[in-house]
Amino acid sequence: MKTLYKEVKLIYPGTPEHGRKFDVLVENGLIKKIGKGLTVKADSVKDQKGLLCFPGLMDTQCSVGEPGFEHKESFDSLTKAAKAGGFTDVILLPNTEPVVDNRAQIEFVQRASGTNGVTLHAYGAITKSTDGKELSEMFDMHQSGAVAFSDGKKPITDVNMMKRALDYTRSFDGIVVSYPMDDRIAPGGMVNESESNTLLGLKSTPELAEEIMLNRDLYLLNYTKGRMHVSSISTTGSLSLIKQAKKDGLGISCAVTLASLLFDEGRLEEFDTNFKTQPPLRSVKTSKALLKAISLGLIDVISADHLPQEIESKDVEFDHASFGMTMLETALSAINMNLIGEVAWDDIIRALAINPRNIFGLPQPKFSEKSSFDFTVFDPNSEWEYTVKNCFSKSHNSPYINQTLRGKVISN
0 MKTLYKEVKL IYPGTPEHGR KFDVLVENGL IKKIGKGLTV KADSVKDQKG
50 LLCFPGLMDT QCSVGEPGFE HKESFDSLTK AAKAGGFTDV ILLPNTEPVV
100 DNRAQIEFVQ RASGTNGVTL HAYGAITKST DGKELSEMFD MHQSGAVAFS
150 DGKKPITDVN MMKRALDYTR SFDGIVVSYP MDDRIAPGGM VNESESNTLL
200 GLKSTPELAE EIMLNRDLYL LNYTKGRMHV SSISTTGSLS LIKQAKKDGL
250 GISCAVTLAS LLFDEGRLEE FDTNFKTQPP LRSVKTSKAL LKAISLGLID
300 VISADHLPQE IESKDVEFDH ASFGMTMLET ALSAINMNLI GEVAWDDIIR
350 ALAINPRNIF GLPQPKFSEK SSFDFTVFDP NSEWEYTVKN CFSKSHNSPY
400 INQTLRGKVI SN
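The sequence shown maps to residues 0 to 411 in numbering that gives the first Met the number 0.
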C-alpha cells in the first residue's frame, strides 16, 4: 500500500526539517521517499491544503480494561482509538485486575504491544496491588521493560513508602510517577472547592490537597536525589512548586491533563458526569495559567488521561458516577478547535510527542527515507461528527459525543 502526502508541513521542533513543507511517500509503514513535487504512482494521494505532519503522539496516562475490565476497554479497542487520534505510543496505568505489579504482567502488556500499529508501554505499580503497603518488585519489572512506576490515581499517602520508592529506583535510574492528591484532606471530594461549586451541593476538593502532597513529594525528591514525574498538576500553587523544583535542579518533570486545559468548573452546572474528573476541573483563571505554562515550558507533558467507563458507571447521579472521560480519539480535534491560537503547534507537539519520549528514555521517530513512518498527518480543516457508531473505544464517556469537530487524523 503506497500513500503519497502532498505538501505536508512538518512540525518537529529541534530537527533541521522543522517548519518546512514536503511530499512524503509511505509504503507499508516505511518512508519510501521525501521530496518536493513528487509525481510517483500511489494507491492513495492526500493533497488537502494545510496538512500538518508531526511525530506520532504519546500518551503518558492511559487506562485500559484488559485484563479484568475488558467491558470498559480492551487492547484492541484502545489501540484502534489511539490510532484514530494520532497516538502511536501510550503508557498504560497499572490499575487492571490483576494489577501490573510483577514481571509476568509487564510481559503481558508487551505481548499486546503493536496491536493495530500502536506501541504499548507499561507502568509497573509502585506498591503491590497498588494498596500502598509494600513495595512491588520494581527492579524486576524495570528489567522486563517497565518505563516507570506508578500506582495510577491512588496516591502514596505513606511518607516512608514514597521515600523508599525514590531511594530504590535511584539505584537503576528509574522514575517514580507521583499522583499528588491527599484525599485525607477532603475525603469523597468530587469537584473543585469554590464559591460557585458550593451551590451545587457536591463534596469538594481544595487546591490545598494537591499542593500539600506535591510539596511533600518534592521534599522527598530533594532528599533522595531520585527521579520523579508528576502525573497531573491542576493548580497555580503547584506551578510555583514545580518552578522552584526545576530551578533547584531536581530530577522532576510534570504533566497536565488535557481536560484541565480544555474545560473549567463552569461545566459542572448541568451535573454532566463526563466532567467528573481527577484532578477536578478548576477555575477559568487556573486553566489559562496552566495553558500558559505549556508555552513557557514549565509543564513538560500534556496527557490525554484516557479513562473509559461503561454507561452504567456514568449514567447515574453525579455523586455515584465514576471519574474520567475518553479522550484519545478527540484530543487533536479539541486542541485544534480550542487551544491553537493561545498556544502554538510547536509547544503542543513538544508536550504530546517529543518530551514524553525524552522523559521516559524512548527513541524519537526519524524523519528520513527507509525509516518507519511513526508520524501523524493531521488535516486541521476537515470536519467530522463524533458519534457512538464511529467511536472506536468500547466506552462513550466523552463530552464530544454527537458533536461536529474540526481537525482529523488522515494517516491511520
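Don't be surprised by glycine CBs; every beta carbon is placed ideally from N, CA and C. Since we're looking at a predicted model, the values are computed, not measured.
Classify Val108 as helix, strand or coil using the three-state DSSP reduction.
Helix at Val108.
Pull up the DSSP beta-bridge partners for Tyr122, would you.
The partner list for Tyr122 (beta bridge, DSSP) reads Ala147.
Roughly how many angstroms separate the alpha carbons of Asp42 and Trp383, rounded to a whole number?
Using only the alpha carbons, I get a separation of about 23 Å.
Alpha carbons only, please: which of Ser193, Met137, Val190, Asn159 is nearest the one belonging to Ser170?
Comparing Cα positions, the closest option is Met137.
Just checking, does the segment 40-55 make contact with the segment 1-12 on the three C-beta pairs under 8 Å criterion?
These segments touch.
Jot down the residue ranges of each uninterrupted beta strand (DSSP E) in the segment 284-355, minimum 3 residues, whole runs only, in chain order.
You should have 300-302.
Leaving aside the five residues before and after Leu91 along the sequence, list all residues of the same chain whose C-beta is less than 8 Å from its C-beta, in chain order.
The residues are Cys61, Ser62, Val63, Val99, Val108, Leu119, His120, Ala121, Tyr122.
Quick check on this structure: which residue in Glu368, Asp182, Ser203 has the alpha carbon closest to the alpha carbon of Asn27?
It is Glu368.
On the CB-based measure, 16 or more other CB atoms within 10 Å of its CB, does Gln308 come out buried or exposed?
So Gln308 ends up on the buried side.
Judging by CA-CA distance, which residue of Asn396, Asn196, Glu65, Lys32 is the nearest neighbour of Ile105?
With distances taken between Cα atoms, Ile105 lies closest to Glu65.
Only counting runs of 4 or more residues, tell me where the alpha helix (DSSP H) segments fall wholly within the segment 214-265, in order along the chain.
Entirely contained in the segment 214-265, the alpha helix (DSSP H) runs reaching 4 residues are, in chain order, 235-246, 257-261.
Once the 5 residues before and after His70 are set aside, which same chain residues still bring their CB inside 8 Å of it?
The residues are Gly64, Glu309, Lys393.
Given a cut-off of 8 Å on the beta-carbon distance, is the pair Arg227 and Pro179 in contact?
Before going on, a small fix: residue 227 reads as Met here, not Arg. No, these two residues do not count as a Cβ contact at 8 Å.
With 16 as the cutoff for other CB atoms within 10 Å, does Lys82 come out buried or exposed?
Buried, by the Cβ-count rule.
Can you tell me whether DSSP reads Tyr4 as helix, strand or coil?
Three-state DSSP puts Tyr4 in a strand.
Less than 8 Å between the C-beta atoms of Val376 and Lys45, yes or no?
A contact, by the Cβ cut-off of 8 Å.
Taking 8 Å as the threshold, find out whether the segment 29-38 comes into contact with the segment 355-364 through three or more Cβ pairs.
The segment 29-38, when compared against the segment 355-364, does not touch it at the 8 Å Cβ threshold.
How is Ile211 classed by DSSP in three states: helix, strand or coil?
Three-state result, Ile211: helix.
Under the DSSP definition of a beta bridge, which residues are partnered with Leu29?
Glu26, Ser371, per the DSSP bridge assignment.
Could you tell me the distance, in whole angstroms, from the CA atom of Ser203 to the CA atom of Ala185?
Answer to the nearest angstrom: the Cα atoms are 7 Å apart.
What whole-angstrom Cβ distance do Lys162 and Leu240 have, given they're in contact under 8 Å?
Incorrect: roughly 18 Å between the Cβ atoms, too far for contact.
For Ala352, which residues of its own chain have a beta-carbon under 7 Å away from its beta-carbon, when the five flanking residues on both sides are left out?
Correct list, in chain order: Phe53, Pro54, Gly55, Leu56, Met57.
Touch check for the segment 243-261 and the segment 331-343: three-plus C-beta pairs under 8 Å?
Counting Cβ pairs under 8 Å, three or more are found: they touch.
Would you grab the beta carbon distance between Thr325 and Ser371 for me? Rounded to a whole angstrom, and I think it's under 8 Å.
Not quite, the Cβ-Cβ distance comes to about 27 Å (not below 8 Å), so this is no contact.
Using three-state DSSP, classify Leu165 as helix, strand or coil.
Helix, per DSSP.
Counting only beta-carbon atoms, is Ser149 nearer than 8 Å to chain C?
Of the protein chains in this structure there is only one, and it is not chain C.
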